[in-house]
Amino acid sequence: MPRADRWSNEEIALTVADYMKMLTLELAGQRYNKSAHRRKLLENLNNRSNAAVELKHQNISAVLRDLNCFWIPGYKPRSNYQEALAIYVEDWIASHPEFDRISQAAVEQPATVPSSVEFSRLVVEAPSTSAEIREPSSAYHPQRAASRRDYVAQEARNSALGNAGELLVLEYEEYRLRSAGEITLANRIEHVSQSKGDGLGYDILSFETSGKERFIEVKTTAFAKETPFYASRNEVSFSSDFQSQFQLYRLFEFRRSPKLFSLKGSISDHCHMDAANFLCRLR
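My numbering applies: residue -6 is where the sequence shown begins, and numbers increase by one.
Take a look at the structure:
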């Protein structure tokens, strides 16, 4: 008889446990092999395909996103998951207090500007716009206060990480303009969040090759490309008022292998925004 597509409770539990083991290693900065984990997991599942496991991993990433946790880079969050899956993820977190300790250490870890960054390969495409319709906040409501950790907000308060990201962008902007032969403009780049304060609505004053001012707000994460970020009311307002000159630079996987994508114009054009505190999830 052909097997049913519905995953059993045992399959869900095994898959969640294996994913969370990999994520714990990721947060701790320890090496692991995704392919080896998947092969071993498949041996214990009910004749599942690689694609089915990949989809379940993406569903788990979406659960973690909706719990304001981080997830494994490469497993892009995919919603429309069953509530049963979310409950298994919450149960795992509740029964493994070391996950919280490791997550806390990861978001609080100091950072410095990485050396030997190949600026010609730093910039990548922004995540593709999702056709998925999402409410401003998650439709799934966590059952346990203990699992409602806002690690994204905690990382946003990591001033060493934020400053390191801004310094890397300063280096990149100088490289970009010097590579275009605009030495004078490169010399005029200003780290305004340091020279004038952090209330302007952007961090770095740079320039187009035409000489037009470019206002850059930098958001840095050590984690996945699609990780949400927080924007202040002032930043959102400024990005709307200066749409033709504003760019948000999103640095991700900063400690492992930093990459950058930019969002041009108003932040609200690119993100689903929680109106209470402007948690921005890429569309």
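C-beta: ideal position from N, C-alpha, C; glycine also.
Here the structure is a predicted model, which means the values were calculated and not measured.
A direct Cα-to-Cα measurement between residue 249 and residue 20 gives close to 11 Å.
Using a Cβ-Cβ distance cut-off of 8 Å, the stretch 0 to 19 and the stretch 89 to 97 are in contact, since at least three pairs of beta carbons, one from each stretch, lie closer than that value. Look at residue 159 here: in three-state DSSP terms it is helix. Here residue 174 is exposed. Its C-beta has fewer than 16 other C-beta atoms within 10 Å. Secondary structure of residue 272 (DSSP, three-state): strand. Straight-line measurement puts the Cα of residue 64 at about 17 Å from the Cα of residue 5. Taking the Cα of residue 181 as reference, the smallest distance to any Cα among 164, 121 and 107 is reached at 164. According to DSSP, residue pairing for residue 242 in a beta bridge involves 211 and 255. Nearest to residue 112 by C-alpha distance, out of 101, 168 and 73, is 168. Residue 62 has no beta-bridge partner at all, per DSSP. Note that the C-beta distance between residue 70 and residue 96 is not below 7 Å. Taken through DSSP and simplified to helix, strand or coil, residue 57 comes out as helix. For the pair residue 253 and residue 192, the Cα-to-Cα distance works out to about 23 Å.
Excluding residues up to 5 positions away in sequence, 116, 119, 240, 241, 242 and 243 lie with their Cβ nearer than 8 Å to the Cβ of residue 255 in the same chain. Counting only residues of its own chain and dropping the five nearest sequence neighbours on each side, residue 153 has a CB closer than 6 Å to the CB of 103 and 104. In the DSSP assignment, residue 231 falls within the unbroken alpha helix (DSSP H) covering 226 to 234. Of the candidates 79, 224, 75 and 177, the residue whose Cα lies closest to the Cα of residue 145 is 224. In the structure shown, residue 182 adopts coil according to DSSP, grouped into three states.
Using a Cβ distance threshold of 7 Å, residue 185 and residue 198 count as a contacting pair. Each of 143, 156 and 36 was checked against the Cα of residue 196, and the nearest Cα belongs to 156.
Contact between residue 238 and residue 206 holds, since their C-beta atoms are separated by about 6 Å, short of 8 Å.
Between residue 214 and residue 247 a beta carbon distance of about 7 Å is seen, short of the 8 Å cut, so the two are scored as contacting.
259 is the residue among 222, 211, 51 and 259 whose C-alpha sits nearest the C-alpha of residue 231. When beta bridges are read from the DSSP output, residue 223 appears opposite 272. One thing to note: residue 106 has its Cβ no nearer than 7 Å to the Cβ of residue 159.
Assignment of beta-bridge partners to residue 197 by DSSP yields 209.
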